[in-house]
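Below: one structure, written as structure tokens.
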Ligand code: PEP
Ligand code: MG
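In the UniProt record's numbering, the protein residues as written are 1 to 845.
Next comes the structure, spelled out in structure tokens:
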């Protein structure tokens, strides 16, 4: 008898369909289900392995009919076929029939002993009786209009619907932040505007633009708003006044940006020499010299075909599924990037998320599919091209650069729609990458130990690709002639990211000159490094430990080279990301030992797994979807709920502690019970190791992060349980200020400079010192040199920052005295806002 497989995004739906079909045939027909995915947060989805298993469970010589709901269900089913042998595959038929009617009719036909071809024919005709009854079908077939009305109603509007009776309010504001409404502020603007019910229109009066929708990232960004431009913001709706006040606060606070630190592209000394043969001139985008063979990087070419579609709903669903997957990919990238390049630069990818949620863009694609009946790929690409062109048309060069992000997100969705896998760059030896367009997300994934330089035909010094390359310390020359794309892989290239020049197969003389420059460069760096290697001592003789926050083995090398006195925070999440199961004890041990080896007996604080919140791991299933993941099972809560996972990690940490200066640290502690429970598991693991005769450091220090208001409130009690505290202001700020750090609508609230957070830091330090334990701070704020006096004045003993921030921070500390710092801190604690705290310490101008 023919077997039937039901593939659906929803387990409940699939089980319901199976129940219905089974009832018709009294359970005689083999019916298997492959539905939903193993992700408590987003359980809707399909999985090729599940489909394969379902097919295998009903496979027989009579054949198997596979019915799918929509979108990725088709892709998963097609992929599942690839897991079958050719003989098995011949027996399996993917069927375009509607899921519910198709399954019922197919089950009846199969129960009646019909062969697979008859079952398919019956299933495919399953809608006929329904359509005939409703009058949708005539001899001409489906999709007939009835009474001149289209069969599928269209309700697409690119304009907001305004109600005449609801008053409209408006406000004129001048934008003063240094770069105007570039990606991040635009994201905050849109995030804030979308939080309210009112419809927002915004117009750039200085550039005399039209009014655009305030909830569209693309429309707001393409207003071309720069420093000094005047905006007219109009709000229509019940909360018009509130939204205008919120937007005003955002603009007055310069979107939380520091106007004084200028993110300058590297200085470009004037080279007067004309280009020589084999010399390429481009834009100096990230300083440094690289000499290495080249490797071409090409994001997989995406060719799309435009065609006319019949079933618009299915096409729309395909697009929705692809966008959902894209969103998940970007969220993973964001987690990775915030570990590797810090929250501030990683925020670039917040704008990518907003792009996917842009209502204007979605409405335009909807029109393409529903009105023009274009396939999802063609409709999506047409709209992305249009948005990209509107960025290109901007007069402002900086805002023009944001086109890279549009193209990046556009490509991601297309790739997923077409079922292609992402292109990965696996380098076997250190190389220089040649590319026509390395997207910001490609760049964020590069390993600086393997990628010595970037030479690209597009891009500029202010592109996000360049910004990320600078953060990663990879020399880059961008905007070079396309001839480089024809170079043979392995060709030697020399590249000077400071002058923006590169040399193909450089002559001996050029090579010698560049090697000399590289030596000089390295010596200069060495000098700076030497300074960075000196301890950070204030003018009145107080030493502050300056350590690094790292997320990988590659980071630790950079950290040590930059003068880190150890690692104050190893985010172990990196070991668990981008894989399908948790790393085992041996794998973790090898990584912790390798990091400790690079540190040569400097301290290494290993934070136990801190997942959940913004770092979901699909394979570590908590079993329940969470409405507020930041308030859910994250950090230590997750580990205590999964003690085996924690035990494996602790065994690896303890084993690595033998002969190394390793300390362990618990994340997200809220109660004494949690610390005691975590310590009890540690004690148990220590006992097991002792009994097995496995060496470890019996005196390994145990610390905890202070990241929640509850932990601050009971810091005196907690201090009696541990050897040290490390304050995580990224989380502490969001929990104190009740502002989700990943939600651009409220992220500016989560500001560690707010006196509410500063008072929490003060309270924690006092509690720690009262119990004679040391206290550090490892949130992003510690990397801000202007904030150092406040942190020192509050009494912190240790600061842990991203590797690039170590040298400037040490220098800033060496210019201070503790007495001055204490005076500044006590004034800061009395301020009424984060802005006035900043005004105290930031230089004017
Ligand atoms: C923090 O919360 O400040 C912190 C350092 O931890 P993470 O950013 O990894 O949550
Ligand atoms: Mg944290």
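Every residue, glycine too, gets a C-beta built ideally from N, C-alpha and C.
Remember, predicted model here, so these are calculated numbers, not experimental data.
- Remark: the C-beta of residue 573 is outside contact range of ligand 2, defined as less than 7 Å to any heavy atom.
- Where residue 218 is concerned, the enclosing alpha helix (DSSP H) starts and stops at 217-221.
- Every unbroken stretch of the beta strand (DSSP E) spanning 3 or more residues and falling wholly within the UniProt domain "PTS EIIA type-4" (1-136) is given here in chain order: 3-8, 31-35, 64-68, 92-95.
- If you draw a 10 Å sphere on the C-beta of residue 113, you find fewer than 16 other C-beta atoms in it, and that means exposed.
- Between residue 179 and residue 748, the CB-CB gap reaches or exceeds 8 Å.
- According to the DSSP secondary-structure assignment, residue 455 is paired through a beta bridge with 434, 477.
- Exposure of residue 371 is indicated by the presence of fewer than 16 other C-beta atoms within 10 angstroms of its C-beta.
- Shortest Cα-Cα distance from residue 291 to any of 674, 629, 496, 786 involves 496.
- Beta-bridge annotation (DSSP): residue 663 is paired with 605.
- For residue 286, the uninterrupted beta strand (DSSP E) run begins and ends at 283-286, by DSSP.
- In the DSSP assignment, residue 243 forms no beta bridge with any residue.
- With contacts defined as CB atoms closer than 8 Å, residue 612 and residue 579 fail to qualify as a contacting pair.
- In this structure, DSSP gives residue 671 a state outside helix and strand, which the three-state scheme calls coil.
- Inside the segment 682-719, DSSP marks whole beta strand (DSSP E) runs of 3 or more residues at positions 702-706, from first to last along the chain.
- A distance below 8 Å separates the beta carbons of residue 734 and residue 750.
- Restricting attention to 409, 722, 451, the CA atom closest to the CA of residue 771 is found in 722.
- Relative to ligand 1, the beta carbon of residue 809 is positioned no closer than 7 Å to any heavy atom.
- Secondary structure of residue 353 (DSSP, three-state): helix.
- In the three-state DSSP reduction, residue 170 falls in the strand class (E or B).
- In this structure residue 589 is in contact with residue 652, their Cβ atoms being roughly 4 Å apart against a cut-off of 8 Å.
- Straight-line measurement puts the Cα of residue 49 at about 51 Å from the Cα of residue 834.
- Between the alpha carbons of residue 598 and residue 805 lies a gap of roughly 19 Å.
- For residue 549, the enclosing beta strand (DSSP E) starts and ends at 543-550.
- Between residue 357 and residue 187, the C-beta gap is not smaller than 8 Å, which leaves the two residues out of contact.
- Boundaries of the beta strand (DSSP E) harbouring residue 236: 230-236, taken from the DSSP string.
- Around the beta-carbon of residue 89, fewer than 16 other beta-carbon atoms lie within 10 Å, marking it exposed.
- The segment 780-796 and the segment 817-828 touch, with no fewer than 3 CB-CB distances between them shorter than 8 Å.
- When only Cα atoms are considered, residue 840 and residue 434 end up about 46 Å apart.
- Within the same chain, 794, 795, 825, 829 come within 8 Å of residue 762 by CB-CB distance, once the 5 residues on both sides are set aside.
- The Cβ-Cβ distance between residue 284 and residue 567 does not fall below 8 Å.
- Uninterrupted alpha helix (DSSP H) stretches at least 4 residues long and entirely within the segment 342-422 occur at 342-346, 348-356, 359-370, 376-392, 397-400, 403-417, given in chain order.
- Beta-bridge pairing by DSSP links residue 199 to 236.
- Only residues of its own chain outside the window of five on either side were considered, and among them 63, 64, 65, 66, 116, 120 have a CB closer than 8 Å to the CB of residue 93, listed in chain order.
- Across the set 773, 813, 45, 441, the C-alpha of 813 shows the shortest separation from the C-alpha of residue 787.
- For residue 181, DSSP assigns no beta-bridge partner whatsoever.
- About 5 Å separates the beta carbons of residue 457 and residue 436, which is inside the 8 Å limit, making them a contact pair.
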